[in-house]
Amino acid sequence: MGKTFVITVGLMAMVMVLVREIALLPDGKLHLHLLDVGQGDAVLLVAPSGAQILIDGGPDLSTLSHLDALMPFLDRTIDLLVITHPDADHISALPDVLRRYDVAQVLMTGAEHSSGRYDALRAEIADSSIPVIHPDPAIDIVIGSVVLDIVWPTPLYTGSSNDQSIVLRVLYKEHSILLTGDIEEDAENAILASGANIESDILKVAHHGSRTSSSTGFLLAVDPDLGLISAGRDNRFGHPHEDVSSRFIHFSIPIKTTAREGVISMKF
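Take 35 as the starting number for the sequence shown in our numbering and just add one per residue.
What follows is the structure, encoded as C-alpha coordinates:
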(Lines of atoms letter the chains of each structure in order from A; the text may use other names.)
(Lines give C-alpha, C1' and ligand atoms only; values in the text may rest on other atoms or scores of the structure.)
Protein backbone atom coordinates (compact mmCIF):
# COMPACT_ATOMS: atom_id res chain seq x y z
CA MET A 35 0.00 0.00 0.00
CA GLY A 36 2.70 2.45 1.08
CA LYS A 37 5.01 1.54 -1.82
CA THR A 38 2.16 1.86 -4.33
CA PHE A 39 1.29 5.27 -2.91
CA VAL A 40 4.89 6.50 -3.22
CA ILE A 41 5.12 5.28 -6.84
CA THR A 42 1.79 6.95 -7.69
CA VAL A 43 2.87 10.24 -6.13
CA GLY A 44 6.20 10.04 -7.96
CA LEU A 45 4.50 9.43 -11.30
CA MET A 46 2.10 12.31 -10.71
CA ALA A 47 5.03 14.61 -9.94
CA MET A 48 6.80 13.52 -13.13
CA VAL A 49 3.67 14.16 -15.17
CA MET A 50 3.30 17.63 -13.63
CA VAL A 51 6.91 18.48 -14.47
CA LEU A 52 6.46 17.16 -18.02
CA VAL A 53 3.27 19.20 -18.52
CA ARG A 54 5.06 22.32 -17.26
CA GLU A 55 8.03 21.79 -19.58
CA ILE A 56 5.75 21.23 -22.59
CA ALA A 57 3.86 24.44 -21.74
CA LEU A 58 7.16 26.36 -21.79
CA LEU A 59 8.24 25.12 -25.23
CA PRO A 60 8.43 27.78 -27.98
CA ASP A 61 4.95 28.30 -29.43
CA GLY A 62 5.63 30.83 -32.19
CA LYS A 63 4.40 33.75 -30.08
CA LEU A 64 6.09 36.63 -28.28
CA HIS A 65 5.54 36.38 -24.53
CA LEU A 66 5.76 39.37 -22.18
CA HIS A 67 6.01 38.82 -18.43
CA LEU A 68 6.01 41.84 -16.13
CA LEU A 69 7.38 40.20 -13.00
CA ASP A 70 5.87 40.89 -9.59
CA VAL A 71 9.01 42.06 -7.77
CA GLY A 72 7.42 44.60 -5.44
CA GLN A 73 8.65 48.18 -5.69
CA GLY A 74 11.04 47.60 -8.58
CA ASP A 75 11.24 46.55 -12.19
CA ALA A 76 11.89 43.30 -14.05
CA VAL A 77 10.52 42.16 -17.40
CA LEU A 78 11.05 38.83 -19.16
CA LEU A 79 10.45 38.64 -22.90
CA VAL A 80 10.38 35.23 -24.56
CA ALA A 81 10.72 35.39 -28.34
CA PRO A 82 8.79 33.04 -30.66
CA SER A 83 12.01 31.06 -31.09
CA GLY A 84 12.33 30.60 -27.33
CA ALA A 85 15.12 33.17 -26.95
CA GLN A 86 14.89 34.94 -23.59
CA ILE A 87 15.46 38.64 -22.91
CA LEU A 88 15.57 39.95 -19.34
CA ILE A 89 15.09 43.66 -18.78
CA ASP A 90 16.25 44.60 -15.26
CA GLY A 91 16.28 42.43 -12.17
CA GLY A 92 14.15 44.00 -9.47
CA PRO A 93 14.98 44.99 -5.87
CA ASP A 94 15.61 41.52 -4.44
CA LEU A 95 16.11 37.84 -5.26
CA SER A 96 12.42 37.21 -6.00
CA THR A 97 13.35 37.68 -9.66
CA LEU A 98 15.17 34.33 -9.53
CA SER A 99 12.02 32.52 -8.43
CA HIS A 100 10.08 34.05 -11.30
CA LEU A 101 12.75 33.01 -13.81
CA ASP A 102 12.69 29.46 -12.42
CA ALA A 103 8.92 29.37 -12.96
CA LEU A 104 8.91 30.89 -16.44
CA MET A 105 11.99 29.33 -18.05
CA PRO A 106 12.42 25.66 -19.00
CA PHE A 107 14.22 23.66 -16.31
CA LEU A 108 17.21 22.76 -18.48
CA ASP A 109 17.47 26.13 -20.23
CA ARG A 110 20.06 28.25 -18.43
CA THR A 111 20.57 30.80 -21.19
CA ILE A 112 19.49 34.43 -21.24
CA ASP A 113 20.13 35.69 -24.75
CA LEU A 114 20.16 39.36 -23.78
CA LEU A 115 20.21 41.15 -20.44
CA VAL A 116 19.15 44.80 -20.54
CA ILE A 117 20.14 47.00 -17.59
CA THR A 118 18.07 50.13 -18.09
CA HIS A 119 19.86 52.12 -15.36
CA PRO A 120 21.78 51.54 -12.11
CA ASP A 121 19.13 52.02 -9.40
CA ALA A 122 18.99 49.24 -6.81
CA ASP A 123 15.31 48.50 -7.44
CA HIS A 124 16.25 47.50 -11.00
CA ILE A 125 19.53 45.61 -10.48
CA SER A 126 19.70 43.92 -7.08
CA ALA A 127 19.15 40.35 -8.33
CA LEU A 128 21.35 40.69 -11.41
CA PRO A 129 24.72 39.55 -9.96
CA ASP A 130 22.96 36.33 -8.91
CA VAL A 131 21.28 36.05 -12.31
CA LEU A 132 24.72 36.26 -13.95
CA ARG A 133 26.05 33.52 -11.69
CA ARG A 134 23.07 31.22 -12.25
CA TYR A 135 22.47 31.73 -15.99
CA ASP A 136 24.61 31.93 -19.11
CA VAL A 137 24.06 35.49 -20.32
CA ALA A 138 25.04 35.92 -23.97
CA GLN A 139 25.25 39.72 -24.04
CA VAL A 140 24.40 42.80 -21.99
CA LEU A 141 22.88 46.09 -23.10
CA MET A 142 23.68 48.85 -20.60
CA THR A 143 24.58 52.52 -20.50
CA GLY A 144 27.93 53.89 -19.41
CA ALA A 145 26.23 56.04 -16.76
CA GLU A 146 28.42 56.87 -13.78
CA HIS A 147 26.92 55.56 -10.57
CA SER A 148 28.62 54.71 -7.30
CA SER A 149 27.03 51.95 -5.25
CA GLY A 150 28.13 48.60 -3.92
CA ARG A 151 25.41 46.79 -5.86
CA TYR A 152 26.25 48.43 -9.17
CA ASP A 153 29.98 47.92 -8.66
CA ALA A 154 29.35 44.22 -7.92
CA LEU A 155 27.21 43.92 -11.04
CA ARG A 156 29.81 45.50 -13.30
CA ALA A 157 32.52 43.31 -11.78
CA GLU A 158 30.43 40.18 -12.41
CA ILE A 159 29.91 41.18 -16.05
CA ALA A 160 33.63 41.82 -16.51
CA ASP A 161 34.68 38.60 -14.74
CA SER A 162 32.29 36.61 -16.95
CA SER A 163 33.68 38.24 -20.13
CA ILE A 164 30.15 38.99 -21.34
CA PRO A 165 30.01 41.26 -24.41
CA VAL A 166 28.53 44.66 -23.57
CA ILE A 167 26.52 46.80 -26.02
CA HIS A 168 25.96 50.49 -25.32
CA PRO A 169 22.67 52.03 -26.45
CA ASP A 170 22.55 54.04 -29.65
CA PRO A 171 19.29 54.95 -31.42
CA ALA A 172 21.08 54.40 -34.72
CA ILE A 173 21.11 50.63 -34.16
CA ASP A 174 18.52 47.91 -33.62
CA ILE A 175 19.03 44.60 -31.88
CA VAL A 176 17.42 41.71 -33.74
CA ILE A 177 16.71 38.43 -31.95
CA GLY A 178 15.03 36.04 -34.35
CA SER A 179 11.82 37.71 -35.51
CA VAL A 180 11.84 40.26 -32.67
CA VAL A 181 13.35 43.71 -33.17
CA LEU A 182 14.47 45.83 -30.24
CA ASP A 183 14.47 49.42 -31.46
CA ILE A 184 16.75 51.46 -29.18
CA VAL A 185 14.88 54.73 -28.69
CA TRP A 186 16.93 56.28 -25.88
CA PRO A 187 19.42 57.49 -24.67
CA THR A 188 21.60 59.09 -27.29
CA PRO A 189 25.35 58.52 -26.81
CA LEU A 190 26.03 62.13 -25.72
CA TYR A 191 23.06 62.60 -23.37
CA THR A 192 24.13 63.56 -19.82
CA GLY A 193 20.90 63.97 -17.88
CA SER A 194 19.99 62.37 -14.56
CA SER A 195 20.45 58.66 -13.94
CA ASN A 196 16.71 58.11 -14.36
CA ASP A 197 16.62 60.12 -17.57
CA GLN A 198 19.52 58.06 -18.95
CA SER A 199 17.36 54.92 -18.69
CA ILE A 200 17.35 52.73 -21.77
CA VAL A 201 14.05 52.96 -23.65
CA LEU A 202 13.23 50.11 -26.04
CA ARG A 203 10.45 49.72 -28.56
CA VAL A 204 9.88 45.99 -29.00
CA LEU A 205 8.51 45.07 -32.43
CA TYR A 206 7.03 41.74 -33.49
CA LYS A 207 4.79 41.43 -36.53
CA GLU A 208 2.15 44.15 -36.09
CA HIS A 209 2.69 44.38 -32.32
CA SER A 210 4.71 46.98 -30.41
CA ILE A 211 5.69 47.40 -26.76
CA LEU A 212 7.44 50.46 -25.31
CA LEU A 213 9.66 49.78 -22.28
CA THR A 214 10.66 53.02 -20.58
CA GLY A 215 12.79 52.29 -17.51
CA ASP A 216 12.61 55.21 -15.07
CA ILE A 217 12.68 58.11 -17.53
CA GLU A 218 11.13 61.35 -16.36
CA GLU A 219 9.67 64.33 -18.18
CA ASP A 220 13.02 65.78 -19.34
CA ALA A 221 13.86 62.57 -21.20
CA GLU A 222 10.29 62.24 -22.47
CA ASN A 223 10.54 65.73 -23.97
CA ALA A 224 13.93 64.96 -25.51
CA ILE A 225 12.54 61.79 -27.08
CA LEU A 226 9.61 63.74 -28.50
CA ALA A 227 11.99 66.39 -29.86
CA SER A 228 14.10 63.68 -31.52
CA GLY A 229 11.16 62.66 -33.70
CA ALA A 230 11.50 59.00 -32.74
CA ASN A 231 8.52 56.79 -33.51
CA ILE A 232 7.25 55.68 -30.10
CA GLU A 233 3.65 54.81 -30.98
CA SER A 234 3.03 51.45 -29.30
CA ASP A 235 0.22 49.07 -28.40
CA ILE A 236 1.55 48.47 -24.88
CA LEU A 237 3.31 51.03 -22.66
CA LYS A 238 5.34 49.84 -19.70
CA VAL A 239 4.77 53.00 -17.70
CA ALA A 240 7.94 54.80 -16.64
CA HIS A 241 9.20 55.04 -13.05
CA HIS A 242 6.46 52.87 -11.52
CA GLY A 243 3.80 55.48 -12.30
CA SER A 244 5.63 58.39 -10.64
CA ARG A 245 4.16 61.87 -11.16
CA THR A 246 7.49 62.91 -12.74
CA SER A 247 6.76 60.75 -15.80
CA SER A 248 3.98 59.97 -18.28
CA SER A 249 3.47 63.57 -19.37
CA THR A 250 0.46 64.39 -21.51
CA GLY A 251 2.53 64.93 -24.66
CA PHE A 252 4.34 61.65 -24.19
CA LEU A 253 1.12 59.68 -23.71
CA LEU A 254 -0.37 61.27 -26.81
CA ALA A 255 2.68 60.27 -28.85
CA VAL A 256 2.71 56.68 -27.60
CA ASP A 257 -1.08 56.35 -27.89
CA PRO A 258 -1.13 52.95 -26.14
CA ASP A 259 -4.04 50.56 -25.85
CA LEU A 260 -2.83 49.47 -22.40
CA GLY A 261 -0.47 50.72 -19.69
CA LEU A 262 1.46 48.31 -17.45
CA ILE A 263 2.87 49.46 -14.11
CA SER A 264 5.33 47.65 -11.86
CA ALA A 265 4.82 48.85 -8.28
CA GLY A 266 4.75 47.34 -4.81
CA ARG A 267 1.58 46.85 -2.83
CA ASP A 268 0.93 49.79 -0.48
CA ASN A 269 4.32 51.25 -1.42
CA ARG A 270 5.56 54.30 0.49
CA PHE A 271 5.86 56.38 -2.69
CA GLY A 272 2.17 56.20 -3.54
CA HIS A 273 2.88 54.72 -6.98
CA PRO A 274 1.12 54.95 -9.30
CA HIS A 275 0.53 58.61 -8.50
CA GLU A 276 -3.07 59.78 -8.74
CA ASP A 277 -2.10 62.44 -11.31
CA VAL A 278 -0.74 59.74 -13.60
CA SER A 279 -3.75 57.49 -13.07
CA SER A 280 -6.03 60.44 -13.88
CA ARG A 281 -4.16 61.07 -17.13
CA PHE A 282 -4.65 57.48 -18.22
CA ILE A 283 -8.33 57.66 -17.30
CA HIS A 284 -8.69 60.94 -19.23
CA PHE A 285 -7.30 59.30 -22.38
CA SER A 286 -9.33 56.09 -21.81
CA ILE A 287 -6.17 53.98 -21.47
CA PRO A 288 -6.69 50.99 -19.14
CA ILE A 289 -3.94 50.20 -16.62
CA LYS A 290 -2.76 46.94 -15.12
CA THR A 291 -0.43 46.96 -12.10
CA THR A 292 1.61 44.21 -10.48
CA ALA A 293 0.45 45.58 -7.12
CA ARG A 294 -3.08 44.40 -7.93
CA GLU A 295 -2.50 41.50 -10.32
CA GLY A 296 0.87 39.96 -9.48
CA VAL A 297 2.83 38.78 -12.51
CA ILE A 298 1.27 40.18 -15.68
CA SER A 299 1.71 37.84 -18.66
CA MET A 300 0.67 38.51 -22.24
CA LYS A 301 1.37 36.85 -25.57
CA PHE A 302 1.25 38.16 -29.12
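Where is the CB? At the ideal position from N, CA and C, for every residue including glycine.
These numbers were taken from a predicted model, which means no experiment stands behind them.
Could you spell out the range, first to last residue, of the beta strand (DSSP E) harbouring R203?
Its beta strand (DSSP E) spans residues V201 to Y206.
Would a C-beta distance cut-off of 8 Å place T97 and V77 closer than the cut-off?
No, these two residues do not count as a Cβ contact at 8 Å.
With a threshold of 6 Å on Cβ separation, who are the neighbours of D75 within its own chain once the five nearest residues in sequence on each side are excluded?
Correct list, in chain order: D90, H124 and S264.
Please give the ranges of any alpha helix (DSSP H) in the stretch 112-157, keeping only runs that are unbroken, at least 4 residues long and fully inside the region.
Qualifying alpha helix (DSSP H) stretches, in chain order: 122-125 and 128-134.
Select from H242, V256, I217 and Y191 the residue whose C-alpha is nearest the C-alpha of I211.
Nearest of H242, V256, I217 and Y191 to I211, Cα basis: V256.
In the DSSP output, which residue or residues are listed as bridge partners for Q86?
Beta-bridge pairing links Q86 to V80.
From the DSSP output, which residues share a beta bridge with D183?
Partner(s): D174 and R203.
With distance defined between alpha-carbon atoms, name the residue in N269, Y206, S286 and I298 nearest to K238.
It is I298.
Check this for me: beta carbons of G215 and S228, under 8 Å apart or not?
No, Cβ-Cβ distance for G215 and S228 is not below 8 Å.
Determine, using beta carbons only, whether E218 and H242 come nearer to each other than 8 Å.
Contact: no.
I need the straight-line Cα distance from L254 to F282, nearest angstrom please.
Approximately 10 Å between the Cα atoms of the pair.
Identify the residues that DSSP records as bridge partners of S299: which are they?
Paired residues: H67.
What does the Cβ neighbour count give for L95, buried or exposed, with the cut at 16 atoms within 10 Å?
Flag for L95 reads exposed.
Would you be able to state if there are at least three C-beta pairs under 8 Å between the stretch 124-144 and the stretch 158-174?
The stretch 158-174 is in contact with the stretch 124-144.
Who pairs with L101 in a beta bridge, going by DSSP?
Beta-bridge pairing links L101 to no other residue.
By Cβ distance below 8 Å, which residues in the same chain neighbour S194 in space, the five residues on each side in sequence not counted?
Closer than 8 Å at Cβ, skipping near neighbours: E218 and D220.
From the DSSP output, in three-state form, read off G72 for me.
Here G72 sits in coil by DSSP.
Using DSSP with H/G/I as helix, E/B as strand and the rest coil, what is G92?
G92: coil per DSSP, three-state reduction.
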